[in-house]
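The next block holds one structure in the form of structure tokens; read it before the comments.
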Amino acid sequence: MIEYKGDEHKRFQHLIKHLFKTLNITDYHIYQGKDIERLQVFIRVDHLPLEEADAQLQKLSNTLKEKITKKWKCLPSLALPEAYNIVTLPYNRL
């Protein structure tokens, strides 16, 4: 899951769609969070070990960083303690 919070949320949504199309990632859902500036991107995958999920999310994050200022977090993350790997519930599907 990638959670963005910032004033360029529409641009982020466009970049995600374009990036995922380029990478042939088709099974994902974008939701609006509690605030209008918060977007949550859930990527459906079959079972993945935590280490592999973290590595793949970091690759996506690094690619996004080339286009937009980093204002997102990726979960699950090995860099965070287990207690902080918590996803907030989405509000509206976009």
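Residue numbers (my numbering): -15 to 78. Glycine residues also receive a C-beta, built at the ideal position from the N, C-alpha and C atoms.
(request) Would you kindly check if the distance between the Cβ of L(-1) and the Cβ of K51 is under 8 Å? (result) In the sequence shown, the residue the question calls residue 51 occupies position 67. In the sequence shown, the residue the question calls residue -1 occupies position 15. It is a contact, given that the beta carbons lie within the stated cut-off.
(request) In angstroms with no decimal places, state the Cα-to-Cα distance between T23 and L59. (result) Against the sequence shown, residue 23 aligns to sequence position 39. Against the sequence shown, residue 59 aligns to sequence position 75. Note on residue identity: the sequence assigns Leu, not Thr, to residue 23. Using only the alpha carbons, I get a separation of about 13 Å.
(message) Rounded to the nearest angstrom, what separates L62 and E35 at their Cα positions?
(response) Residue numbering aside, residue 62 sits at position 78 when the sequence shown is read from its first letter. Residue numbering aside, residue 35 sits at position 51 when the sequence shown is read from its first letter. Their Cα atoms are separated by approximately 7 Å.
(request) Kindly provide the ranges of any beta strand (DSSP E) runs that are 3 or more residues long and lie completely inside the stretch 22 to 50, ordered along the chain. (result) Those beta strand (DSSP E) runs which fall completely within the stretch 22 to 50 and span 3+ residues are 22 to 27.
(request) Let me know the secondary structure DSSP gives I70 once reduced to three states. (result) The residue you call residue 70 lines up with position 86 of the sequence shown. It is coil, neither helix nor strand.
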